[in-house]
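Numbering (the numbering used here), first residue to last: 5 to 149.
Where a beta carbon is used, it is the ideal one built from N, C-alpha and C, also for glycine.
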């Protein structure tokens, strides 16, 4: 079973965000080993970068505004191909100040879920849901409809 890491800077402060991520983590448990890695916010992006790069494993996606936008089906196909190869997958959500160019360059791919800006707490829930949706699409389940 492939491992999927969600590497985030900062903690989810509100219970409803934590509950939402926990719900998707529970749903994902039948498809993968899903782990959220929460890193402490630091004084500089460079300090945060050290922890981010240390926490990432396997194929790394950085969520960044200049990243590529894909459909849910394209995202699912990418996740499916990585799982077929048995690759561990890591997704990075930087702090509210972003992430360094070094982190972006170290990523295998850059993704953008929208040209809009979302709160980091909400983005964590959106990403967890999209990962779940990708596994459901790949399983041929009705969830995606």
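| Query | Result |
| --- | --- |
| Given 8 Å, three or more beta-carbon pairs between the segment 18 to 28 and the segment 104 to 115 | no |
| Pick from 138, 71, 34 and 79 that is closest to residue 97, judged by C-alpha positions | 71 |
| Three-state secondary structure (DSSP) of residue 99 | strand |
| Candidates 34, 113 and 102: closest to residue 79 by CA position | 113 |
| Endpoints, the alpha helix (DSSP H) within which residue 12 is located | That residue, residue 12, is in no alpha helix (DSSP H); its beta strand (DSSP E) goes 7 to 13. |
| Proximity below 8 Å, CB of residue 10 to CB of residue 86 | no |
| Proximity of residue 7 and residue 42 at Cβ, strictly below 8 Å | no |
| Integer Cβ distance of residue 65 from residue 95, believed to fall under 8 Å | 5 Å |
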